[in-house]
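Colleague: First the structure, then my questions, so here it is.
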Amino acid sequence: MEMELSMAGLRAVFWSLALFAASMANHVGAIRLEGVQEPPSTRQQSLRTAVFALGSFWWSEAAFGCLPGVVRTSVGYAGGSKINPEYRNLGDHAECVRIEYDPKRIQFKQLLDVFWASHDPRQVFGQGPDVGNQYRSIIFTNGMQEARLAAASKEREQAKSRNSVVTTEIQQLGVFYPAEAEHQKFELKRNKFLLQLIGNMPDEELLASHLAAKLNGYAAELCPRNIQRKIDAKIDEIKKSWPLLREI
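In mature numbering (1 follows the signal peptide of the UniProt record, and there is no 0), the protein residues as written are -25 to -1, 1 to 223.
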């Protein structure tokens, strides 16, 4: 009799776990709602790239990931002369964020607005508590049109206060060196729940994922308010539908 109860209990646990796993699998993609989901294939789209340096690239990547029209983000090094820089040996490069975006949905001028709003361009030799040349402020441009837009935006920023100098550099983009995998989607990786929710993507998938870029911004609470609320609501819905392990 005890053996029968034991086997029955084991079967109950097995089926409960199976249902839990199925629920997890079904809900992994549940946050791909309107305004949050992966976009259609971008192979045929004419995407553009913007690169900015505005302090620590962990936070900088999150600042752009949630913007409508931004397809992918990554972090790396640019602006210096050292070949193949590394995090612990980056020479004269700056920490940067690389943004792939759809120009039909967001313009370079709008990215510049986010750039200026997301850091203190008047701080010298660092950003916030991070001190060092690698944290300097730079707008990297592709061509004369972007250079003109960058220069005009810097003039507007300087006009806000004549008592301090905007230290931001404007450079033509040279080589962008991708940073090591552990620095990509840093804010998202700190949130184990969100990582599990998207199936614990390997690093190469995280790097290419539109959803991961958005959730990286969400994890840092840097999404536009309407998108932050959408993701909040969807995650709350998912949490409520999951069975509690203590009920097994």
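We put the beta carbon where it would ideally sit given N, CA and C, even for glycine.
#1: For Arg131, count neighbouring Cβ atoms within 10 angstroms of its own Cβ and tell me buried if that reaches 16, exposed if not.
#2: Answer yes or no: do Ser93 and Ala38 have a C-beta to C-beta separation smaller than 9 Å?
#3: If I follow the unbroken alpha helix (DSSP H) through Val45, where does it start and stop?
#4: Between the region 57 to 70 and the region 150 to 166, do three or more beta carbon pairs fall short of 8 Å?
#5: If we count the other Cβ atoms within 10 Å of its Cβ and call it buried at 16 or more, is Lys214 buried or exposed?
#6: What distance in whole Å lies between the Cβ atoms of Ala188 and Arg80, which are believed to be in contact at a cut-off of 8 Å?
#7: By alpha-carbon positions, which one of His68, Gln146, Ser112, Arg123 ends up nearest to Val140?
#8: Between the alpha carbons of Leu172 and Cys71, how many angstroms are there, rounded?
#9: Starting from Phe161 and walking both ways along the alpha helix (DSSP H), at which residues does that stretch end?
#10: When you compare the CB positions of residue 274 and Glu162, do they come within less than 9 Å of one another, or not?
#11: To which residues of the same chain is Ala122 closer than 6 Å at the C-beta, ignoring the five residues directly before and after it?
#12: What did DSSP end up calling Tyr76 once you bin it into helix, strand or coil?
Modeller: On the basis of the coordinates in this document:
#1: Indexing the sequence shown from 1 puts residue 131 at position 156. Arg131 should be labelled exposed.
#2: Sequence index remark: in the sequence shown, residue 93 carries index 118 (1-based). Sequence index remark: in the sequence shown, residue 38 carries index 63 (1-based). Yes.
#3: Stepping through the sequence shown from its first residue, residue 45 is reached at position 70. Run containing Val45: none in the alpha helix (DSSP H); it sits in the beta strand (DSSP E), 45 to 53.
#4: yes
#5: Residue numbering aside, residue 214 sits at position 239 when the sequence shown is read from its first letter. It counts as exposed.
#6: Numbered from 1 along the sequence shown, position 105 holds the residue referred to as residue 80. Numbered from 1 along the sequence shown, position 213 holds the residue referred to as residue 188. No, Arg80 and Ala188 are not in contact; Cβ-Cβ is about 14 Å, not under 8 Å.
#7: Here the question's residue 140 lines up with position 165 in the sequence shown. When each option's Cα is compared against that of Val140, the closest is Ser112.
#8: Counted from its first residue, the sequence shown places residue 172 at position 197. Counted from its first residue, the sequence shown places residue 71 at position 96. If I take the Cα positions, the gap works out to 28 Å.
#9: What you label residue 161 is simply residue 186 of the sequence shown in a count that begins at 1. Run containing Phe161: 161 to 164, per the alpha helix (DSSP H) assignment.
#10: What is shown of the chain runs -25 to 223, which leaves residue 274 out entirely.
#11: Locating residue 122 in the sequence shown gives position 147, where the first residue counts as 1. Only Thr116 meet the Cβ criterion.
#12: The sequence position of residue 76 within the sequence shown is 101, counting from 1. Note: Tyr76 maps to strand in three-state DSSP.
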